[in-house]
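Below: the structure, in structure tokens.
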Amino acid sequence: MTILPQNLLLPRRTVTGAGSIKKLAALADTFGSRGLLVHGGSLERSGTLAEITAALPAELAMKRYRHLGGEPTVQAVDALRTTISEFKAEWVAAIGGGSVIDLAKAAAGLAGHPHETAFYQMNPKNIRCSSIPLIAAPTTAGTGSEATVVSVLTNPERRIKQSIREASHMPAAVILDPALLASCASATIAASGMDAFIQAFESYTSRYAVPFTSALAECAIEKIATNLLPFFKDPSDIRAAANMLEASYIAGLAFSHSRLGLVHGLAHPLGVRFQAAHGVACACTLPAVFEFNRTQIAPHLRRLHENLSVDVEQLIGEWMRVMRIDNPFLGGRIDDREAFIREVLASGSTRANPREVTATDLPGLIERITGG
């Protein structure tokens, strides 16, 4: 069996530890003297953004760009691409959650391209190699976007949520500073933590998994299993925050190469239709998919129990109860069911699922998730 994925893609440099965000200037300076710092509102409100920018040297020409919130749209990427071009940015830094990093990743990667972002979402073969490096510093422990070549974007006009995958979009540098997680709200910790765990678990059980990705996924599963609840209960626990941040990062490295599974194949279109947070959508989709895949994932569950003493099913149930994650899909209806099914089946995540998924399987799964 091949140990490594056929095309191994890693960030060029990763720095870790509390206070490591102070290395932003030194990292940025290796790419040029002009750059854009993309951030979210919470970073600004907490005062952290002011602390970061105050420490930057005067000779570093940097423009701040605030993401207005919500999951990134193709239109938001176009607006940021315009700013990158007008400012003549030589690098882009993203300090924020997965939405901020995905937005900046797509905009930096598509900077200088002639068409709108929506075109490349549907025609990825037309994407050229990126020339603008990205520095990613996550402020949540969840999406793993800082360690992937993927940007998940929504197109509200077409009512789709679809990834752009491009090898040259891998962040050039990553900063994993657990101090950046100190202001995380409990709901964010819960949703992003569930997302990280499910990404690790789906990578572990993916039909495209290889020993390299499985080892990373197993490590992430162990770290999240022992640190998510301590971090949820006490966001000031710097050790738990650091462990969750590292787990999210290595889960990102794993699934970027192995792909995911049916949970993400369902969660993306469900999230668009119900306006549900991605981590919550994944968590509430998992039980139905878990049951659907039970026979195929039984050996993986045994290995996790034997090697790590992790009972995945019990753990998920405890997390859902303690962190009070409610199902936003209960009682809901999917009016465009045929289009929904086509979207799920077309997903690369669905194709990586350990059990083959057909159109006849999905109505039952939808009913289990929505309760009828």
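Under our numbering, the first residue of the sequence shown is numbered 1133, with each subsequent residue one higher. Glycine included, every Cβ here is placed at the ideal spot set by N, Cα and C. For clarity, every value in this text was computed on a predicted model and none was experimentally measured.
Would you report the Cα separation of residue i and residue j, rounded to the nearest angstrom?
i	j	result
residue 1148	residue 1309	6 Å
residue 1337	residue 1154	37 Å
residue 1238	residue 1282	8 Å
residue 1431	residue 1316	36 Å
residue 1280	residue 1287	21 Å
residue 1245	residue 1261	10 Å
residue 1478	residue 1192	44 Å
residue 1186	residue 1204	28 Å
residue 1273	residue 1172	15 Å
residue 1440	residue 1433	10 Å
residue 1435	residue 1486	16 Å
residue 1423	residue 1257	36 Å
residue 1489	residue 1459	23 Å
residue 1472	residue 1163	42 Å
residue 1454	residue 1177	28 Å
residue 1492	residue 1374	43 Å
residue 1384	residue 1278	8 Å
residue 1142	residue 1302	7 Å
residue 1230	residue 1496	31 Å
residue 1292	residue 1190	42 Å
Hey, quick one: how far does the beta strand (DSSP E) through residue i stretch, first residue to last?
i	result
residue 1207	Counting along the chain, residue 1207 falls outside any beta strand (DSSP E), though it belongs to the alpha helix (DSSP H) covering 1206-1219.
residue 1225	1223-1228
residue 1297	1292-1297
With respect to the alpha helix (DSSP H) encompassing residue i, which residues constitute its N-terminal and C-terminal limits?
i	result
residue 1340	Neither: residue 1340 is in no alpha helix (DSSP H) and is coded neither H nor E.
residue 1283	Note, residue 1283: premise wrong, no alpha helix (DSSP H); beta strand (DSSP E) at 1282-1287.
residue 1410	1410-1424
residue 1395	1394-1406
residue 1255	Residue 1255 -> no alpha helix (DSSP H), and no H or E assigned at all.
residue 1388	1370-1390
residue 1442	Residue 1442 -> no alpha helix (DSSP H), and no H or E assigned at all.
residue 1183	1180-1186
Under 8 Å between the Cβ atoms of residue i and residue j?
i	j	result
residue 1216	residue 1240	yes
residue 1322	residue 1387	no
residue 1223	residue 1360	no
residue 1501	residue 1417	yes
residue 1311	residue 1266	no
residue 1296	residue 1269	no
residue 1367	residue 1314	yes
residue 1326	residue 1457	yes
residue 1156	residue 1370	no
residue 1403	residue 1413	yes
residue 1170	residue 1221	no
residue 1285	residue 1206	yes
residue 1243	residue 1167	no
Could you tell me which residues DSSP puts in a beta bridge with residue i?
i	result
residue 1195	1168
residue 1145	1305
residue 1239	Beta-bridge pairing links residue 1239 to no other residue.
residue 1270	1228
residue 1453	None, per the DSSP bridge assignment.
Below 8 Å, can you find three or more Cβ-Cβ pairs linking the stretch 1247-1266 to the stretch 1350-1361?
-> no
Between the stretch 1327-1346 and the stretch 1201-1215, do three or more beta carbon pairs fall short of 8 Å?
-> Touching, no.
Three CB pairs or more closer than 8 Å across the stretch 1376-1384 and the stretch 1456-1464 = no
Is the stretch 1324-1336 touching the stretch 1386-1400 in the sense that three or more CB pairs, one from each, lie closer than 8 Å?
-> yes
For the stretch 1395-1409 and the stretch 1480-1487, state whether three or more C-beta atom pairs, one from each stretch, are separated by less than 8 Å.
-> yes
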